[in-house]
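A short write-up of the structure that comes next.
Residue numbers (my numbering), protein chains in the order written: chain A, 67 to 382; chain B, 63 to 506.
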């Protein structure tokens, strides 16, 4: 990446502080990986349960470095023409129709077919030039002069073929467009790939990336996150809320609440002007953190005990 | 330090994690960038570079702690007496000096150094322990020490005798520490070698001879195998002819625009994934084998192609949904007990099973289907209904029969294999995991 950002990524501590200012609490592990990713110029593959802030990490990295975030959402059937570049076919056709008269002028004096084709050949590159090129996220990221953060979101949802295609770009940061030539990254972007593990990623892709696993946060980290993301919430409620969520994660449920759900819940409680948790309040708002009917039933069974324990823990 | 990292990578590999060459280069670069002073940052950065999945992270954490553990020397009562006059040692004898002056750090370093020279990272089996201990001791200068002890005994004065005894004590102490060290290294480097041997053996063992305790290990082997098959064949599951202009279609489509080529059509062709119907015998006679066959079908079902699975004994039922609903072990236990599934576990009836299949699910067998029958064809002298098998064979793409019995037993006693044989495209003896793999490979 650009030497411009070197001072921002100068040390692990600097990264941690900078991210905190941008509203993202990152553990030392995350900061170390970012530091390595920046200095070794390697893409970072981020894995972890849904909602722990994988996408958020890339967004914050863009804010922190002060460069644009270019995001590419992967899905089944995604291919080069949607990820890298495409010719503006419509525009090409339209222009050839509009310019028909000029084309006639060019071929006017020519004798015979081969002669006119020869004449046309002098111009044929016009229609395959940059002005007819539609850049897609990957190409866009390579052409940013100031550098960029490229987020390839949910790469596990894409096909194997696309994964293979991605490798070329990630290792050399260049693409070749047959009609134009090779396009090299002006400054290498910082690349994040996220995966939810719906399928195992290929070994070669993993080999080219640094790997970061973000687990669900412990109580201390989660309190800090809530503190920074939902600043208006009272100290006591925050303690109770985090303790409750931590207990909830221990239950045998289908989908454990993630950080994003904790934040949502905290915001809701703030809106309701709650200053402490009570069983009734939790019961009414439980659907915000749990997304399955069965899970809510399981949680309701343990509701009383968990609330009491949360209150007790908050006081200590 | 580079040597240490490459040793660490060796240890990591032997604990079952795969580390490529490019990753080890990355590890060196990362270590250079981060430095060695901060243990936590060092560990985190190596972890980011070397361990590429949650499972590997766990292996990594364990291996890191073991490998970079501080050298703890055994501090025990038999430790050699200190404060010795070194008159007999003449200063030119560092090993004994170190032991006698309790320089544990120096000793640890010299053990490591000697071990490196012997190539300890190639240790594979516990039977090599003695060899390595001897080599390390020799590299550390044991021979010299023996010489000194012998000489001291020969001098035969009271002080020299005392000195010799002390040195012998020191030798014992050293031996114990080197032994600990070698055992530690064996734990680090040998991990996978024994496992590989066992695995290799299991793959070639008859399924019916496998014991209960190997079940778990078998499960891992089968999962590995299915994963490999999957890696090989999933690619073919959807091959598109993408990016080629379909000229005919484009022309046809654009007739509406007076032949102006506005709407461009591309070639697209999707290749079907394998369509398999598996029918498995779960009766008493094949009980031991069928457990593994079911395990195999289950893994296939989860990892690979979409399979319709049926089991039968006295009658036939479909069980595809059981694999979806329950985790592997539970699913297999459920299928074997047959509780709540509506299967009758009386005497095996192949005729009835075939009739059930044709009556209940006749629609699923098309010209694209591969039918896979797993069973010993022992029909208790009932009607084999070869006619139905013939009609199935005529309708399907391929009919494969896997029989756990060796070929020489086919058709003997109540086995109807010889009568079914003409209607199978392929009939094979299948009673080891390797057999299974070969068949499935040809299937896909």
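From the three backbone atoms N, C-alpha and C, an ideal C-beta is built for every residue, glycine too.
Residue environment, residue i, which counts as buried when at least 16 other CB atoms sit within 10 Å
i: residue 200(A); result: exposed
i: residue 145(B); result: No answer about residue 145(B) holds up, because its pLDDT of 45 lies below 50 and its placement is not dependable.
i: residue 389(B); result: exposed
i: residue 180(A); result: exposed
i: residue 154(B); result: Unreliable placement is indicated for residue 154(B), whose pLDDT of 49 sits below 50; no coordinate value is reported for it.
i: residue 418(B); result: buried
i: residue 255(A); result: buried
i: residue 318(A); result: exposed
i: residue 493(B); result: buried
i: residue 250(A); result: exposed
i: residue 470(B); result: exposed
i: residue 95(B); result: exposed
i: residue 48(B); result: Chain B is shown from 63 up to 506; residue 48(B) falls before or after that span and cannot be answered.
i: residue 98(B); result: exposed
i: residue 374(A); result: exposed
i: residue 403(B); result: exposed
i: residue 192(B); result: exposed
Delimiting residues of the beta strand (DSSP E) encompassing residue i
i: residue 465(B); result: 460-465
i: residue 250(A); result: 247-250
i: residue 490(B); result: 488-491
i: residue 118(A); result: Segment: none, residue 118(A) is in no beta strand (DSSP E) and carries neither H nor E.
Residue i versus residue j - alpha carbon distance
i: residue 313(B); j: residue 163(A); result: 17 Å
i: residue 235(B); j: residue 167(B); result: 15 Å
i: residue 147(A); j: residue 271(A); result: 21 Å
i: residue 86(A); j: residue 261(B); result: 49 Å
i: residue 353(B); j: residue 280(B); result: 11 Å
i: residue 141(B); j: residue 241(B); result: Any answer about residue 141(B) is weak, because its pLDDT of 47 lies below 50 and its placement is not dependable; what the coordinates show is given next. One C-alpha to the other measures close to 16 Å.
i: residue 114(B); j: residue 84(A); result: 27 Å
i: residue 110(B); j: residue 74(A); result: 21 Å
i: residue 339(B); j: residue 431(B); result: 7 Å
i: residue 210(B); j: residue 230(B); result: 10 Å
i: residue 67(B); j: residue 211(A); result: 37 Å
i: residue 153(A); j: residue 194(A); result: 8 Å
i: residue 463(B); j: residue 231(A); result: 40 Å
i: residue 82(B); j: residue 170(B); result: 30 Å
i: residue 501(B); j: residue 387(B); result: 27 Å
i: residue 329(A); j: residue 102(B); result: 29 Å
i: residue 99(A); j: residue 233(A); result: 20 Å
i: residue 364(A); j: residue 284(B); result: 35 Å
i: residue 143(B); j: residue 199(B); result: A caution first: residue 143(B) carries a pLDDT of 48, below 50, which makes its placement in the model unreliable, though a value can still be read off. Rounded to whole angstroms, residue 143(B) to residue 199(B) spans 21 Å at the Cα level.
Chain-ordered neighbours of residue i on chain A, where CB pairs are closer than 7 Å
i: residue 326(B); result: 155
i: residue 119(B); result: 279
i: residue 82(B); result: 273
Residue i, enclosing alpha helix (DSSP H) - first and last residue
i: residue 214(A); result: First-last for residue 214(A): undefined, no H or E at that position.
i: residue 383(A); result: Residue 383(A) lies beyond the stretch modelled for chain A, which goes from 67 to 382, so this question has no answer here.
i: residue 285(A); result: 285-295
i: residue 84(A); result: 78-87
i: residue 104(B); result: 101-112
i: residue 84(B); result: 83-96
i: residue 453(B); result: 448-457
i: residue 420(B); result: 412-423
i: residue 187(B); result: It is not in any alpha helix (DSSP H) - residue 187(B) carries neither H nor E in the DSSP assignment.
i: residue 195(B); result: 191-201
Check: residue i C-beta below 6 Å from any heavy atom of the ligand FMN
i: residue 282(A); result: With respect to the ligand FMN, the structure offers nothing, as it holds no ligand at all.
Closer than 7 Å at the beta carbon, the chain B residues around residue i
i: residue 276(A); result: 110 and 111
Cross-chain neighbours of residue i in chain B, by beta carbon under 8 Å
i: residue 78(A); result: 103
i: residue 113(A); result: 115 and 116
i: residue 102(A); result: 92, 95, 96, 107, 110 and 111
i: residue 94(A); result: 102, 103 and 106
i: residue 105(A); result: 95
i: residue 264(A); result: Result: empty, since nearest Cβ-Cβ is about 13 Å, beyond 8 Å.
i: residue 260(A); result: None at all; the shortest Cβ gap to chain B is about 14 Å.
Contacts of residue i in chain A (Cβ-Cβ under 9 Å)
i: residue 130(B); result: Going along chain A, no residue has its Cβ under 9 Å from residue 130(B), so there is no contact; the nearest lies around 17 Å.
i: residue 322(B); result: 159 and 163
i: residue 456(B); result: Neighbours of residue 456(B) on chain A: none; closest Cβ ~36 Å, over 9 Å.
Bridge partner(s) assigned by DSSP for residue i
i: residue 339(B); result: 370(B) and 433(B)
i: residue 201(A); result: 151(A)
i: residue 244(B); result: Beta-bridge pairing links residue 244(B) to no other residue.
i: residue 110(A); result: 258(A) and 276(A)
Where residue i meets chain B, residues with beta-carbon distance less than 9 Å
i: residue 165(A); result: Near residue 165(A) there are no residues of chain B at all, since even the closest Cβ is about 14 Å away, more than 9 Å.
Closer than 7 Å to chain C by CB, residue i
i: residue 421(B); result: Included in the structure are the protein chains A and B, with no chain C among them.
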